[in-house]
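Engineer: Pasting a structure below so you can have a look.
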Amino acid sequence: MFTSGHAVRFVVFVGVLLFSFASSNIIEEENVLVLTTNNFDDALERYSHILVEFYAPWCGHCQALAPEYIQAATKLKEMGSEIRLAKVDATIEKDLAQSRNIKGYPTLIFFKHSSPINYNGPRKAEGIIQWLEKKTGSPTTIIDSLEQLVAFSNTDKVAIVGFFASETYTTIFMGVAGKMDKLPFGLCTNKDIFDSTLSGNDGIIIYKGFDEKKVVYNDELNATKIENFINIHQFELVSEFSQELSERFFEANIDRHLIFFAPKAEVSTDRSIDLLRSIASDFRGQILFISVDTSADQYKGIIEFFGINQDEIPCLRAVILQEDVARFKQKEPDLSEEGIRDFVTDFLSGKLKHDLKSQVVPDDWNDNPVKILTSSNFNEIIIERKSKKALVEFYAPWCGHCKALAPVWDLLGK
Ligand SMILES: *[C@@H]1O[C@H](CO)[C@@H](O)[C@H](O)[C@H]1NC(C)=O
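Using mature numbering (1 follows the signal peptide of the UniProt record, and there is no 0), the letters of the sequence shown map in sequence onto residues -24 to -1, 1 to 390.
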C-alpha cells in the first residue's frame, strides 16, 4: 500500500518522466539541437524551419563553422525566431547521413515544412541569419486592391492567388506557397475583391500568360491536392524546353514526359505543336508534353541522349524519369493525331518496350573470332541461335582490367 508520501513521490516521478520524454529526446548544445536517426523526423515535424548541419568531428571546415553556427543559433533564439539550427554527427549517424545523400562535410540543409533546400549561403553568423530570413520571409504577396490583383496576375508565366476569408485555409495555402517557392503566390483576404472574382467564395485562381489564361481550383482545400493542381497547371499544354523549365519539370512530380523534337519556327512544326496541344489537354496530370527546338545548338546533348539521328527529325519520344531514365519511341514514326494518341495511350498503359540506346553494329562485327555485339544484334546472335554456346564479355572501354583482358580474349576466341 502507498503511504501518502509514496504517492506524492510517484506523481512527481511520473511528472518527471513525462516531462523528460516530451522534451529530452532532442537535446541542445549551446542552442544547437543535436539530431540523431531516432529524433530526426520528429524534429522536422516539430520545427517548420530548421537548418541542419551534417558534420564530421575531424573536419576542419566544420570546426571553423562551429562557433559561427552557435552564434547564429543563439541570436535567432534570442530574437524569438521560429528558425532553429541543428547538427548531426554524420560519422555516428551514418544511416541518416546516407539517406540524406550527404557526400561531404559540412553539408547544410534547410528544411522548410520538411522540404529540403540545400544551404549554399555564407559561413558567418550574420550571413547565415540573413540567408535564413530571406528563405523564410512570407511566401505570399498580400493583395488588397483590384489594381494590385491586376498587376500581380498580369504575367506571361503563372501567378497563383488564394482568396480566403478563413484563417485555416490561409495557413494551408501559405504552406503550399512556402514549398513551391519558385512560383509567385498572392494572398487576398479582402472580401470586396473576391466578390468580383469568385462571387464571394473562398478559392484559388491560377492566372496564366498562356493556354486558358485562368483556372479556378475548386476541389477541397487540401495541401497535397492544391500542390498537384498547381504542378499540372504551371506548365503550358506543350512547354518549350529550356534550362530554366527543366529544373521545374524535375520538381513537378510528373515523371512521364512526351517530347517532340523539331526545329522551331517552321510551319510544319507549328502545325504539329497545335495538334499536340489539343491532344495534351486530354492527358493533363498524367504526362507532360514538351517540345525541343532541334535547331538550337544547346540541345544537341538531349538529341544525342535519345539516340536521335538528324534524318529522324521531327519525331516523338517518351520518357519515364525515374532513377534510370527509360526511353520509348514509336514503332513507326507517325505524327498524325491517331498515331500520337495511340503512342501516348500505349505508353501510359505500360504497353511499350524500352528503346535501349544502342551503338550501331559495326560493319566488321563478324570478321574476327571475337564477335562484336550491341543491343541491335545481341538477340539475333546470342538468344535466337539457341544451339550454340557463347561466352560474352560485357566491358567498358575505359576499364583497365578490360583492356588487360582484350588480347587474352582475342587469343581465346581464336
Ligand atoms: C489530402 O489529399 C491526399 C491525397 O488525395 C490524402 O492522401 C490526404 O490524406 C489528404 N489530407 C487531408 C488532411 O485530408
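Built from N, CA and C at the ideal position, the CB exists for glycine as well.
Are P239 and T200 close, meaning C-beta to C-beta below 7 Å?
Structural biologist: One-based indexing of the sequence shown puts residue 239 at position 263. One-based indexing of the sequence shown puts residue 200 at position 224. No. Outside cutoff.
Engineer: What residue ranges within the region 41 to 99 form continuous beta strand (DSSP E) runs of no fewer than 3 residues, ordered along the chain?
Structural biologist: Fully enclosed beta strand (DSSP E) runs of 3 or longer: 59 to 65, 83 to 88, 91 to 94.
Engineer: How many Å lie between N353 and F211 at the Cα?
Structural biologist: If you number the sequence shown from 1, residue 353 lands on position 377. If you number the sequence shown from 1, residue 211 lands on position 235. Rounded to whole angstroms, N353 to F211 spans 40 Å at the Cα level.
Engineer: Is the CB-CB distance between F140 and G162 below 7 Å?
Structural biologist: Within the sequence shown, residue 140 is the residue found at index 164, counting from 1. Within the sequence shown, residue 162 is the residue found at index 186, counting from 1. Going by C-beta atoms, F140 is not nearer than 7 Å to G162.
Engineer: Would you say the beta carbon of residue 421 is closer than 6 Å to some non-hydrogen atom of ligand 1?
Structural biologist: The chain is shown only over -24 to 390; residue 421 falls outside these bounds and no answer can be derived.
Engineer: Output the boundary residues of the beta strand (DSSP E) element that contains R303.
Structural biologist: Position 327 of the sequence shown, counting from 1, holds the residue named residue 303. Segment 301 to 305, the beta strand (DSSP E) holding R303.
Engineer: Please confirm whether E71 and T13 have their CB atoms less than 7 Å apart.
Structural biologist: Stepping through the sequence shown from its first residue, residue 71 is reached at position 95. Stepping through the sequence shown from its first residue, residue 13 is reached at position 37. Note that residue 71 corresponds to Asp in the displayed sequence, not to Glu. Yes.
Engineer: So which of L387, L251, A66, D18 has the shortest CA-CA distance to V214?
Structural biologist: The sequence position of residue 214 within the sequence shown is 238, counting from 1. Among L387, L251, A66, D18, the Cα nearest to that of V214 belongs to L251.
Engineer: Does the separation of the CB atoms of T83 and F149 fall below 7 Å?
Structural biologist: Here residue 83 is taken as the residue at index 107 of the sequence shown, counted from 1. Here residue 149 is taken as the residue at index 173 of the sequence shown, counted from 1. Not closer than 7 Å, so no.
Engineer: I want to know whether the region 47 to 57 touches the region 96 to 111 - three or more CB-CB distances under 8 Å.
Structural biologist: Yes: the two stretches touch, three or more of their Cβ pairs being nearer than 8 Å.
Engineer: Per DSSP, which residues does A238 bridge with? Please list them.
Structural biologist: Here residue 238 refers to the residue found at position 262 of the sequence shown. A238 is bridged to D269.
Engineer: Check whether the region 142 to 156 touches the region 73 to 91, counting contact only when three or more Cβ pairs, one atom from each stretch, lie closer than 8 Å.
Structural biologist: Enough Cβ pairs lie closer than 8 Å, so yes.
Engineer: Quick test of your reading: E313 and I255, contact by CB under 8 Å. State the CB separation rounded to the nearest angstrom.
Structural biologist: Here residue 313 is taken as the residue at index 337 of the sequence shown, counted from 1. Here residue 255 is taken as the residue at index 279 of the sequence shown, counted from 1. 7 Å between Cβ atoms; contact.
Engineer: Between G389 and the rest of its own chain, which residues show a CB-CB distance below 6 Å, the 5 nearest in sequence each way excluded?
Structural biologist: Locating residue 389 in the sequence shown gives position 413, where the first residue counts as 1. Within the same chain, G389 has close Cβ partners P345, V346.
Engineer: By a C-beta neighbour count over all protein chains shown, 10 Å radius and 16 as the cutoff for buried, is S142 buried or exposed?
Structural biologist: Along the sequence shown, read from residue 1 onward, the residue named residue 142 stands at position 166. Per the 10 Å Cβ criterion, exposed.
Engineer: Do F86 and L9 have their C-beta atoms closer together than 7 Å?
Structural biologist: Along the sequence shown, one-based indexing puts residue 86 at 110. Along the sequence shown, one-based indexing puts residue 9 at 33. No, Cβ-Cβ distance for F86 and L9 is not below 7 Å.
Engineer: Would you report the Cα separation of S24 and G151, rounded to the nearest angstrom?
Structural biologist: Counted from its first residue, the sequence shown places residue 24 at position 48. Counted from its first residue, the sequence shown places residue 151 at position 175. Spanning the two alpha carbons is a distance of roughly 10 Å.
Engineer: First and last residue of the beta strand (DSSP E) that includes C164?
Structural biologist: To locate residue 164, count along the sequence shown from 1; it is residue 188. Here the beta strand (DSSP E) through C164 covers 161 to 164.
Engineer: Counting C-beta neighbours from all protein chains within 10 Å, is the total for G(-20) 16 or more, i.e. buried, or is it exposed?
Structural biologist: Looking up residue -20 in the sequence shown gives position 5. Interpretation of G(-20) is limited by its pLDDT of 41, a score under 50 that renders its predicted location unreliable; no figure is taken from the coordinates.
Engineer: Would I296 and R232 be called neighbours here (beta carbons separated by less than 7 Å)?
Structural biologist: Mapped onto the sequence shown, residue 296 falls at position 320. Mapped onto the sequence shown, residue 232 falls at position 256. Yes, Cβ-Cβ distance for I296 and R232 is below 7 Å.
Engineer: Hey, F259 and V320: beta-carbon distance below 7 Å or not?
Structural biologist: Within the sequence shown, residue 259 is the residue found at index 283, counting from 1. Within the sequence shown, residue 320 is the residue found at index 344, counting from 1. Yes, Cβ-Cβ distance for F259 and V320 is below 7 Å.
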